[in-house]
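Undergrad: Mind having a look at this structure? Questions to follow.
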Amino acid sequence: MTRHAAVSPVVVDDAWRTWIAENLMLGGRPQALAGILIQSGISEHDAVAEVDAALRSPYLRGASRLHNRLAKRDWVLGIQSRLNRLAPSEVPRRERLSGEAFLEEHYRRNQPVIITGMLEDCVARTKWTLDYLSGHLGEREVEVQFGRDADPNYELNSQAHKRRMPFGVYVELVRASGRTNDFYMTANNDEQNREALQELMADLPPLDEYLNQERRGFFWFGPAGTLTPFHHDLTNNFMIQIAGRKRVRLIAPCDIPSLYNQRHCFTPVDGRAIDVQRFPMMAGVPVIDCVLEPGEILFLPVGWWHFVEALDITITVSTTHFRWDNDFYSDYPPNHDF
């Protein structure tokens with residue numbers, strides 16, 4: 248007679264308890280959840296007991312009250328989201344926008360804008376050629392993000408992708424590479440590059456209609472094909488486009504409930520092609536597309552989601568030292584992964 252070893256029942260551990268609590272808060276029916284537990288190998292007695300314990304838990308009742316408050320907040324955000332869908336949106340272009348108009352119509356109202364005409368006499372636009380950067384700053388040691396193609400979470404894992412090299416070596420790599428996202432000099436490299444490339448900031452206009460006199464910025468430089476995935480910043484931001492074009496996709500802050508934002512300021516939604524089968528809540532979310540041309544400045548308001556793709560070899564300086572209050576990061580909630 249052949250003997251078969253008894254199959255041990257699946258044990259309800261904390262991972263299962265977390266799953267039960269999350270799905271109860273999302274409106275799952277207790278009987279249906281117990282059925283799923285049983286199908287997964289948990290005994291009927293244990294499955295029913297665990298769901299019943301969760302329903303009686305004062306911790307879950309407290310979390311449910313918080314969930315209801317957040318649902319009300321999402322409802323309020325959804326009002327603006329629905330209103331945004333009533334008509335196509337675009338990022339306006341404003342020629343030599345005054346500081347007063349910028350503050351009143353865009354900064355205070357948290358609305359993006361492309362400002363034109365402010366970089367017509369900018370020295371950097373003609374001076375910062377690849378030959379100039381390599382010839383005059385080529386010996387400086389700079390830091391670059393490298394090996395991005397092998398890591399789908401290259402932005403979240405940016406610390407692991409830092410590499411140092413002479414600036415001239417990097418310039419020639421950009422010149423010869425063609426289209427790639429494997430390497431890119433970004434704001435994540437600023438700690439090293441701020442000092443190495445500091446004199447470049449003197450070639451930028453003060454833009455004192457909008458900025459204070461700190462004269463600093465983050466240097467972004469890379470080949471066509473570099474990507475910055477959908478995320479939102481913790482401050483207001485200027486993208487000062489010196490060379491090349493960038494495609495920018497924008498999503499309003501009110502659509503955060505649809506963006507599957509579970510880690511810091513990022514979303515797994517791919518800005519190149521939004522997959523509504525994988526991310527069904529993204530269906531119908533308005534996405535505003537624009538192309539930032541050389542000599543233009545894009546105002547990215549705090550909280551706006553943006554995806555950026557370089558269409559050419561690009562040089563961008565981003566800056567945050569506005570004349571008005573821009574300290575929103577101090578109140579940003581801590582990032583906890585439970």
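At position 195 of the sequence shown (counting the first as 1) the number is 442 in my numbering, and the numbers step up by one without a gap. We treat Cβ as the ideally placed atom computed from N, Cα and C, and that holds for glycine. Here the structure is a predicted model, which means the values were calculated and not measured.
1. For M528, count neighbouring Cβ atoms within 10 angstroms of its own Cβ and tell me buried if that reaches 16, exposed if not.
2. Which value, in whole angstroms, describes the spacing of the CA atoms of V391 and G472?
3. Among G464, I560 and I487, which residue has its Cα nearest to the Cα of T376?
4. Is D502 helix, strand or coil by DSSP?
5. Pull up the CB-CB distance for E442 and S381, whole angstroms please, since I reckon it's below 8 Å.
6. Does F468 pass the burial test, meaning 16 or more other C-beta atoms within 10 Å, or should it be called exposed?
7. If we ignore side chains and look at the alpha-carbon of each, how far apart do T563 and E543 end up?
8. Nearest to A490 by alpha carbon, out of G282, C369, R387 and V258?
9. Entirely within the segment 394-437 and at least 3 residues each: give me those beta strand (DSSP E) ranges in chain order.
10. Would you kindly check if the distance between the Cβ of R496 and the Cβ of G518 is under 9 Å?
11. Among E386, V516, T566 and E446, which one has its Cα closest to the Cα of A434?
12. Excluding the five sequence neighbours on either side, which residues of its own chain have a C-beta within less than 6 Å of the C-beta of V555, listed in chain order?
13. What whole-angstrom Cβ distance do N484 and R570 have, given they're in contact under 8 Å?
14. Where does I521 sit, in a helix, a strand or coil, going by DSSP?
15. Quick one: what does DSSP say S304 is sitting in, helix, strand or coil?
16. What residues in its chain sit with their C-beta under 7 Å from that of E215, if we drop five residues either side in the sequence?
17. Quick check on this structure: which residue in S336, A334, T482 and G325 has the alpha carbon closest to the alpha carbon of D502?
TA: Taking the definition as stated:
1. M528 is exposed by the Cβ-count criterion.
2. 16 Å
3. Considering only alpha carbons, the answer is I560.
4. Secondary structure at D502: helix, using DSSP grouped into helix, strand and coil.
5. Rounded, the Cβ-Cβ distance is 19 Å, inconsistent with contact.
6. buried
7. 10 Å
8. Nearest to A490 by C-alpha distance, out of G282, C369, R387 and V258, is C369.
9. 409-413
10. yes
11. T566
12. The answer, listed in chain order, is T475, K493 and V495.
13. That pair is no contact at about 14 Å.
14. Coil.
15. coil
16. Because the chain is modelled from 248 through 585, residue 215 falls outside the range shown and cannot be assessed.
17. G325
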